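As given, the protein sequences belong to chains V and C, one line each in that order.
Going by the working numbering, the first sequence runs without a break in its numbering and finishes at 350.
Going by the working numbering, the second sequence runs without a break in its numbering and finishes at 304.
Data block below; observations after.
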Amino acid sequence: MNRQMKINIITALLTVVVGLVVGMIIIAIIGSNPWSLLNAIYEGTFGSVVNFGNWISISVPLALTGLAVAIGYRAGLFNIGAEGQFQMATIASILVAVTSPFNGLITILLVIIVGIIVGALWALIPGILKAYYKINEVVVTIMMNWIALYLTNYFIVVHFHTSTNLTQTPIIPSTVSLNLKWLTNLTNGSNINAGIFILMLAAIFYWYSVEKTTFGYEIKAVGNSSEAAIYAGIDSKKRIIQTMCLSGAFAGLAGVVYALSAPGYQTTLSVFRGFGFDGITVALLGQLSAIGVILSGLLLGGLRQAGIFMQIQQIPKEISDIIIGVILIFSALSPIIIKKIMKKKGDANE
Amino acid sequence: MNSDILLLILFGSFSMAAPLIAAAYGGLFSERSGVVNIGIEGMMTAGAFSGATVAYFIGNAGINGSITIGFIVAILIGGLTGLLHAYLCISLKVDQIISGVAINTITLALSLFLTAIYFDGAQETHTLLIRPIAYFSNRLTLVTIIRFLLVFAVNYLLNKTKWGLHVLAVGENPQAADAMGINVIKTRYQAVILSGAFSGLAGMVAVVNVTQRFTATTVGGLGFIALAVLIFGRHRPFGIIMAGLVFGFSKNLGAVISTIAPKLPAIYFDILPYVATIVVLLIFSRNKKVEMESLGIAYDKELR
Numbered sequence: 001m002n003r004q005m006k007i008n009i010i011t012a013l014l015t016v017v018v019g020l021v022v023g024m025i026i027i028a029i030i031g032s033n034p035w036s037l038l039n040a041i042y043e044g045t046f047g048s049v050v051n052f053g054n055w056i057s058i059s060v061p062l063a064l065t066g067l068a069v070a071i072g073y074r075a076g077l078f079n080i081g082a083e084g085q086f087q088m089a090t091i092a093s094i095l096v097a098v099t100s101p102f103n104g105l106i107t108i109l110l111v112i113i114v115g116i117i118v119g120a121l122w123a124l125i126p127g128i129l130k131a132y133y134k135i136n137e138v139v140v141t142i143m144m145n146w147i148a149l150y151l152t153n154y155f156i157v158v159h160f161h162t163s164t165n166l167t168q169t170p171i172i173p174s175t176v177s178l179n180l181k182w183l184t185n186l187t188n189g190s191n192i193n194a195g196i197f198i199l200m201l202a203a204i205f206y207w208y209s210v211e212k213t214t215f216g217y218e219i220k221a222v223g224n225s226s227e228a229a230i231y232a233g234i235d236s237k238k239r240i241i242q243t244m245c246l247s248g249a250f251a252g253l254a255g256v257v258y259a260l261s262a263p264g265y266q267t268t269l270s271v272f273r274g275f276g277f278d279g280i281t282v283a284l285l286g287q288l289s290a291i292g293v294i295l296s297g298l299l300l301g302g303l304r305q306a307g308i309f310m311q312i313q314q315i316p317k318e319i320s321d322i323i324i325g326v327i328l329i330f331s332a333l334s335p336i337i338i339k340k341i342m343k344k345k346g347d348a349n350e
Numbered sequence: 001m002n003s004d005i006l007l008l009i010l011f012g013s014f015s016m017a018a019p020l021i022a023a024a025y026g027g028l029f030s031e032r033s034g035v036v037n038i039g040i041e042g043m044m045t046a047g048a049f050s051g052a053t054v055a056y057f058i059g060n061a062g063i064n065g066s067i068t069i070g071f072i073v074a075i076l077i078g079g080l081t082g083l084l085h086a087y088l089c090i091s092l093k094v095d096q097i098i099s100g101v102a103i104n105t106i107t108l109a110l111s112l113f114l115t116a117i118y119f120d121g122a123q124e125t126h127t128l129l130i131r132p133i134a135y136f137s138n139r140l141t142l143v144t145i146i147r148f149l150l151v152f153a154v155n156y157l158l159n160k161t162k163w164g165l166h167v168l169a170v171g172e173n174p175q176a177a178d179a180m181g182i183n184v185i186k187t188r189y190q191a192v193i194l195s196g197a198f199s200g201l202a203g204m205v206a207v208v209n210v211t212q213r214f215t216a217t218t219v220g221g222l223g224f225i226a227l228a229v230l231i232f233g234r235h236r237p238f239g240i241i242m243a244g245l246v247f248g249f250s251k252n253l254g255a256v257i258s259t260i261a262p263k264l265p266a267i268y269f270d271i272l273p274y275v276a277t278i279v280v281l282l283i284f285s286r287n288k289k290v291e292m293e294s295l296g297i298a299y300d301k302e303l304r
């Protein structure tokens, strides 16, 4: 392990500690026992096999939308639209799962393909507008999120609901669920499922395509400076569209995993579910690396799990997100602090 | 279509566009000074929560003018979140996108957290006592006049006053501005705090106009639409008005047409403002954009 890596790990841990301390101070201010935070985090993650399984299962879609935002960021694209891509893919997944004439495994594969394509297509529009018309992808993806929300709501209410409830989709057949019997049994019936393997494959794909291929090299060049990329002979238009589609595909995959997990149906929404926005946090916290994104997905998931246990002790569950925000700030701050310390040391040595 | 309906649409467009335009102004000052503000949503949330809560408790205590005080509190708290963003981005030189995203996360979580603390574990604050609709209808003409004046005031402030020109200068070329004796750090601080104040105001407008209390859905993405309006309006005061009105008009057009022609599927009207925004952007995509070379980069005197 080299020195830089050691520094990274230590600062990451310190950052989390700072976030937790701030959380504990807030809990103490409202007159509750600050140590209950640590207890809730332990309970929610390693407290029991069921909680462990649930922790993993809520973290998987967070890490996947994190990858979606991260790959866009590499190319200098800010995909705020992971939310909409996720939403479109979720409903498409359930639709395919419910109507497919094929058996379980083939249907699952079909759902995965459809989800990826739908997510990618939803990101294709802002990609084309950005590449060919230089229209800011932030604006277009924000608009596309709302269009996705209204479209899916409308589709559920008008075409795709249960006989008793207009605002709920039919439930997917149990054969199409991503649940694996051995995993479920191993974790005493938790929600953990094959999504974890999908995430691993996606993360490997992300790492490989960003770090090991010409594509990865070129999108980073486009992200750093599209003018320099043009001089280097990179077709930045093509790369922007490809990256947006890939980003949408990751978000779509998150939608697939979410759709094929418990409870296996969707309802109409008045506000966004937040997976896409959480993906922004996860990507930034994970500093755009595959392993970082997975770890920060687990961190977010773990704190959300802790929120459930905090709520039981009359401490509002939003404490989790306050801590996440604080961690995010300090994670951005730590390299600046380290640089200052290094500089001081350097000055002292001179 | 008779003139009443046209009037209704036009008027509705203004009221729909009002919080958007106010919030987009928030983003305007910050971004023209060179500081990216993705945290408009969070600054609005902070304003909405604090304004709604203070207005409720003051109104409950039987004191007059509770909503006006709520507005003042919302502006102050919004300004305070602006100060936080300024401190993180300008003094500590934190990545500006990260700072904005963190502000969005923390303000929403903290607002809901405090709501649960102050209102016995509830997910929303209690409804304001004085009917806010009455608040606006009594002062409707006044509010409309203020709103129009605000448009000109912002344009004047940014393009005609010395301070506004300083903001534009530090946004375009901070090194040159510094060399001319403009205090880059101070100007950026002022612009970002003003940005927060505008956003806080917009948050309270959303409380009064829409939910009459603070809930997770009061702001619910309005800040992001405001960000879109800001970019759509090309970071110019009048551009923002036009962008806000395109959005507000198409949103309201949908609402009005759906009452005239109830048989048409509502989905067309629901998505109309969002599709219209994209289409208008496409039509005007060849127009010149504002140059903001230093946007997103913290000012470092040593690099001068």
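Note that the Cβ used here is the ideal one computed from N, Cα and C, for glycine as well.
This structure is a prediction, so every number in the text was calculated from the model and none was measured.
- With respect to chain V, the C-beta atom of Thr277 (chain C) has a partner C-beta closer than 7 Å.
- If you check the CB distance, Gly325 (chain V) and Ile106 (chain C) come in under 7 Å.
- Gly47 (chain C) has its alpha-carbon roughly 29 Å from the corresponding atom of Phe309 (chain V).
- Judged by DSSP secondary structure, Ala40 (chain V) falls within the alpha helix (DSSP H) whose first and last residues are Trp35 to Thr45.
- The shortest C-alpha to C-alpha distance from Ile241 (chain C) to any of C:Met16, C:Ser15 and C:Ile21 is the one to C:Ile21.
- Taken atom to atom, the span from the alpha-carbon of Gly196 (chain C) to that of Arg32 (chain C) is near 14 Å.
- In this structure, Thr164 (chain V) keeps its C-beta atom at 7 Å or more from the C-beta atom of Thr267 (chain V).
- Cβ atoms of Asn188 (chain V) and Val50 (chain V) come within 8 Å of each other, at about 5 Å.
- The C-beta distance from Ile128 (chain V) to Ile241 (chain V) rounds to 6 Å, short enough to meet the 8 Å contact threshold.
- Among the residues facing chain V, Lys251 (chain C) is not included, as its CB has no counterpart in that chain under 7 Å away.
- At a beta-carbon threshold of 7 Å, the residues of chain C lying near Lys134 (chain V) are Ser285, ordered along the chain.
- With a beta-carbon spacing of about 31 Å, Ile80 (chain V) and Ile171 (chain V) fall beyond the 8 Å limit used to define contacts.
- Using a CB distance cut-off of 7 Å, Gly203 (chain C) does not count as an interface residue toward chain V.
- Sequence-distant Cβ neighbours of Pro19 (chain C) in its own chain, meaning closer than 6 Å and more than five residues away, are Ala202, Val205 and Ala206.
- Rounded to the nearest angstrom, the gap between the Cα atoms of Ile291 (chain V) and Leu67 (chain V) is 10 Å.
- With a minimum length of 4 residues, the unbroken runs of alpha helix (DSSP H) contained wholly in the region 67–133 of chain C fall at 96–118.
- Of the candidates V:Val210, V:Lys343 and V:Ile319, V:Ile319 places its Cα closest to the Cα of Leu38 (chain V).
- Here Gln266 (chain V) carries a coil assignment [DSSP, helix/strand/coil].
- Ranked by how close their Cα comes to the Cα of Ala63 (chain V), the residues V:Leu14, V:Ile341, V:Val257 and V:Lys340 have V:Val257 in first place.
- Where Gly72 (chain V) is concerned, the enclosing alpha helix (DSSP H) starts and stops at Val49 to Arg74.
- Between Ala116 (chain C) and Pro316 (chain V), the beta carbon gap of about 4 Å places them in contact (Cβ cut-off 8 Å).
- Assigned with DSSP and collapsed to three states, Gln242 (chain V) falls in helix.
- The beta carbon of Asp95 (chain C) falls within 7 Å of a beta carbon belonging to chain V, placing the residue at that interface.
- For Glu43 (chain V), the nearest beta carbon of chain C is not closer than 7 Å to its own beta carbon.
- Of all residues in the region 78–103 of chain C, the ones placed with a Cβ closer than 8 Å to any Cβ belonging to chain V are Leu88, Leu92, Lys93, Val94, Asp95, Ile97, Ile98, Ser99, Val101, Ala102 and Ile103, in chain order.
- Leaving aside the five residues that flank Ile323 (chain V) on each side, the residues in its chain whose CB is nearer than 7 Å to its CB run, in chain order, Gly19, Leu20, Val22, Gly23 and Leu303.
- Assignment of Gln168 (chain V) by DSSP, reduced to helix, strand and coil, places it in the strand class.
- With contacts defined as CB atoms closer than 7 Å, Val282 (chain V) and Gly301 (chain V) fail to qualify as a contacting pair.
- Met200 (chain V) and Ile69 (chain C) have their C-alpha atoms spaced approximately 53 Å apart.
- Contact residues of the region 205–228 of chain C toward chain V are Ala216, Thr217, Gly220, Gly221, Phe224, Ile225, Leu227 and Ala228 (C-beta to C-beta distance below 9 Å).
- Around Phe272 (chain V), the beta-carbon contacts reaching into chain C at under 9 Å are Gly220 and Gly221.
- Annotated three-state conformation of Tyr56 (chain C) is helix, per DSSP.
- Note on Met43 (chain C): 16 or more other CB atoms within 10 angstroms of its CB, so buried under the neighbour-count rule.
- By the beta-carbon neighbour count (other beta carbons within 10 angstroms, threshold 16), Ile283 (chain C) is exposed.
- Taking each of V:Ile336, V:Lys237 and V:Ala202 in turn and checking the Cα distance to Tyr132 (chain V), the smallest one comes out for V:Lys237.
- Contact between the region 171–181 of chain V and the region 86–106 of chain V is present, with at least three C-beta pairs closer than 8 Å.
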